[in-house]
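Novice:
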Amino acid sequence: MIIAITNSKGGVGKTTTAVNVATSLAARGRHTLLVDLDPQAHATRCVLEAETERNISRFIMDRPSQATRAVSESTLPNLDLVPSGADLTETAELLSARIRREERLSRALEWVSEDYQHIILDCPPVLGILAYNALIAADLLIIPVQPGVGAVVGLDALLDATRELRDEEDIAYRILITMFDIRTTRTNAIVDELLEENRKRMLKTVISKSEALNQATLASKPVKLFAPSSRGRHEYDALCDEILRLRPR
Ligand SMILES: Nc1ncnc2c1ncn2[C@@H]1O[C@H](COP(=O)(O)OP(=O)(O)OP(=O)(O)O)[C@@H](O)[C@H]1O
Ligand SMILES: [Mg+2]
358 MIIAITNSKG
368 GVGKTTTAVN
378 VATSLAARGR
388 HTLLVDLDPQ
398 AHATRCVLEA
408 ETERNISRFI
418 MDRPSQATRA
428 VSESTLPNLD
438 LVPSGADLTE
448 TAELLSARIR
458 REERLSRALE
468 WVSEDYQHII
478 LDCPPVLGIL
488 AYNALIAADL
498 LIIPVQPGVG
508 AVVGLDALLD
518 ATRELRDEED
528 IAYRILITMF
538 DIRTTRTNAI
548 VDELLEENRK
558 RMLKTVISKS
568 EALNQATLAS
578 KPVKLFAPSS
588 RGRHEYDALC
598 DEILRLRPR
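So for the sequence shown, our numbering puts the first residue at 358; every next one is plus one.
Structure (structure tokens):
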């Protein structure tokens, strides 16, 4: 299954979720591929030591049949990576002039998907050509939402863009509450509102606001390695289990 971790809003926990779900799946023995679609390359730094020529630009710009050449082994067992790199912004511009430009990722993934049980796409915080490629390629969208003012702004635009790109009305998506802070009542009101409108689409697992997760991501480490007994690690393991039980539609 190909899962895009996406939200056009920045800083909501997309990369933290992509990295920790991917490492948790890999730790359960699942062959997993993490694809970093963000020029900031943060997910890449969490699971790769040195920069490599094999990267997402090669993955989406070269012929799809050459896609495996752009895949790298990560520092963890069962986890491979299509790394991002500084040239991805330029690649996105070049992509705009290509034929079937929104389908390039999907076509490249067809050539590697047999090797993996799970493929996780870490999307950039912009609803542009790179995100469009992910929205078309994914079987399921996981949309991290940080409760707070304007938490759901952009959600409808994201879903509408996906419907238009895929020419499908029924989009498989789930909402993940991230950075949940039990102490803030305002936060809870927003979660209630989300629940009301998207009851069937909410993931049961909630990711709490946690210093361990914050520090792990800032240190470019999966929380499993950075703080193995932290609550954040257990919450992402629980999320991984929930994902393994999911029937997207
Ligand atoms: N559960 C959490 N508790 C506390 N801090 C968190 C949590 N999850 C993520 N963070 C912190 O919030 C910030 C944003 O997280 P992250 O980079 O995962 O978001 P993002 O949506 O990928 O951002 P961008 O839109 O820039 O790609 C980071 O500094 C990270 O350390
Ligand atoms: Mg990110």
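Glycine is no exception: its CB is placed at the ideal position from the N, C-alpha and C atoms.
Pairing CB atoms from the stretch 408-418 with CB atoms from the stretch 532-549, are three or more of them under 8 angstroms?
Specialist: In this structure the stretch 408-418 does not touch the stretch 532-549; the number of beta carbon pairs closer than 8 angstroms is below three.
Novice: Please list, in chain order, all residues of the same chain as Ile486 whose beta carbon is under 8 angstroms from its beta carbon, the five residues on each side excluded.
Specialist: For the purposes of this step, residue 486 is identified with residue 129 of the sequence shown, where counting begins at 1. Only Ala449, Leu452, Ser453, Arg458 and Glu459 meet the Cβ criterion.
Novice: Is it the case that the CB of Asp393 approaches a heavy atom of ligand 2 more closely than 6 angstroms?
Specialist: Translated into positions along the sequence shown, residue 393 becomes position 36. No, since every heavy atom of ligand 2 falls outside the 6 angstroms radius drawn around the Cβ of Asp393.
Novice: Excluding sequence positions up to five away, which residues of its chain have a Cβ less than 8 angstroms from the Cβ of Ile528?
Specialist: As a working note, residue 528 is residue 171 in the sequence shown. Excluding sequence neighbours, Ile528 sits near Leu498, Leu516, Thr519 and Arg520.
Novice: Can you tell me where the alpha helix (DSSP H) with Ala495 in it begins and where it stops?
Specialist: Against the sequence shown, residue 495 aligns to sequence position 138. Ala495 -> no alpha helix (DSSP H), and no H or E assigned at all.
Novice: Taking the DSSP output, what are the residues bridged to Val439?
Specialist: The residue labelled residue 439 in the question sits at position 82 within the sequence shown. Residue pairing by DSSP puts Val439 in a beta bridge opposite Val392.
Novice: Tell me the rounded alpha-carbon separation between Glu592 and Lys561.
Specialist: The count along the sequence shown starts at 1 and reaches residue 592 at position 235. The count along the sequence shown starts at 1 and reaches residue 561 at position 204. One C-alpha to the other measures close to 11 angstroms.
Novice: Return the residue from the list Ser586, Leu533, Leu438 and Ala443 that minimises the CA-CA distance to Val563.
Specialist: Position 206 of the sequence shown, counting from 1, holds the residue named residue 563. Of the candidates Ser586, Leu533, Leu438 and Ala443, the one whose C-alpha sits nearest the C-alpha of Val563 is Leu533.
Novice: Cβ of Val580 within 6 angstroms of any heavy atom in ligand 1?
Specialist: For the purposes of this step, residue 580 is taken as the residue at position 223 of the sequence shown. Every heavy atom of ligand 1 is 6 angstroms or more from the Cβ of Val580, so no.
Novice: Quick one, are the C-beta atoms of Lys581 and Arg588 less than 7 angstroms apart?
Specialist: To locate residue 581, count along the sequence shown from 1; it is residue 224. To locate residue 588, count along the sequence shown from 1; it is residue 231. For Lys581 and Arg588, no; Cβs fall outside 7 angstroms.
Novice: Thinking Ile362 and Lys371 are a contact (beta carbons under 8 angstroms), I'd like their distance in whole angstroms, please.
Specialist: Here residue 362 corresponds to residue number 5 of the sequence shown, with the count starting at 1. Here residue 371 corresponds to residue number 14 of the sequence shown, with the count starting at 1. Indeed, because the Cβ distance is near 5 angstroms, the residues count as touching under 8 angstroms.
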